[in-house]
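Enquirer:
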Amino acid sequence: MLAIQFQSIKQPAERDTRDMWQLREDLKKEQQTQSSLLTEIRKYDKLLETYKTQENKNPEAALEKTLAELKKEAGLTDVRGEGITITIDTLFKEELPGQEIKQISPELLKRLINELNSYDAEFISVNGRRVVNTTVIRDINGVTKIDGYSLRDYPIQINVISKNAAKLHNRIKASSTDENFAIDNLSLSISELQKNMTIPAYDDGIKTDYLKPAASEKGGMK
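Quick note: the sequence shown uses our numbering, first residue 18, plus one each step.
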C-alpha cells in the first residue's frame, strides 16, 4: 500500500514547460481547428443536399458547381471581395546605430497568418503569392521563403479577404501583434477597408504524388 501511495504522488516523468502565452496560443489553435471543422461539416452537408436535389434534374450542372467550389477552396481561382492590406516594413533605418535590419522570420509570419485565420480570414496572399493549405514558409540558407519565393526585401504586403472584413480589421487593429514585430525592428501598418480587393490564384502545381484513383464499386480502377 505504501508503494502504491508513493507512485500516486510522484511527479510525472515529463513536465509541461509551456508558459502562459504558449498555452493560450495552443488553445487558440485548437479552438480555431474545431471551428473550422464545424464550418466544413455544415458546408458539405449543404453541398450534399444541393447535389441530391439537382442530380436528378441536371447532374452535369451539380458536378460543375462542386468542381468550381473545390477549385475555389483549393486556391486555384482568382477571388474578389472586401479586405485589407497589411504592410510589413522596417521600424528604423539601417543607418541608426545599434539597429540591424533583419529579415522577417518564418515563425513571425506564420504566427500572423494563423492570427488572421483565427479572425475569419477567407483568402490571403503574401507579396502576391496565394497562401493555400500546402503553402510552406521556412528559412532556406538564411532567407525566409514562401513556397520557394524569397521575402528578402521590404515592404512586404499581405492582402486579406474576409466575409466580415470590418470585424477582421477591428480585431487586428486592437491586437498586440505589432508589438511582436517591433521586437524584430519591424513595423506593421493596416489599411482601411478595400471594397474590391483581388487575390490571385495559386499558380504553382499542387502536388498529388500520394493521391490515387478511388476504386469503383465493381472493383478495379476507372
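Virtual Cβ for every residue (Gly too), placed ideally from N, Cα, C. Computed from a predicted structure; not experimentally measured.
Let me check one thing: in DSSP terms, what residues is Gly98 bridge-paired to?
Expert: Met214
Enquirer: Could you give the distance in angstroms between the alpha-carbon of Gln39 and the alpha-carbon of Ile157?
Expert: Each residue's Cα considered, the two are about 25 Å apart.
Enquirer: Do the CB positions of Thr94 and Ala218 come within less than 9 Å of each other?
Expert: Going by C-beta atoms, Thr94 is nearer than 9 Å to Ala218.
Enquirer: If you pair each beta-carbon of the segment 81 to 97 with each one of the segment 191 to 200, do three or more pairs fall below 8 Å?
Expert: no
Enquirer: State buried or exposed for Met37, treating a residue as buried only when at least 16 other CB atoms are found within 10 Å of its CB.
Expert: exposed
Enquirer: Mark Arg146 as exposed unless 16 or more other C-beta atoms lie within 10 angstroms of its C-beta, in which case mark it buried.
Expert: buried
Enquirer: Starting from Leu185, trace the alpha helix (DSSP H) in both directions and tell me its first and last residue.
Expert: It spans Ala182 to Ala191 - the alpha helix (DSSP H) in which Leu185 sits, taken as one unbroken run.
Enquirer: Let me check understanding here. Comparing Cα to Cα, which of Glu124, Lys190, Asp62 and Leu44 lies closest to Thr102?
Expert: Lys190
Enquirer: By DSSP, does Tyr171 sit in helix, in strand, or in coil?
Expert: coil
Enquirer: Whole angstroms is fine: what's the gap from Leu108's alpha carbon to Lys127's?
Expert: 20 Å
Enquirer: Between Asp137 and Leu185, how many whole angstroms is the CB-CB distance? I'm expecting something under 8 Å.
Expert: 6 Å
Enquirer: Note down, in chain order, each residue of its chain lying with its Cβ closer than 6 Å to the Cβ of Gly92, except the 5 sequence neighbours on either side.
Expert: Arg147, Val149 and Tyr219
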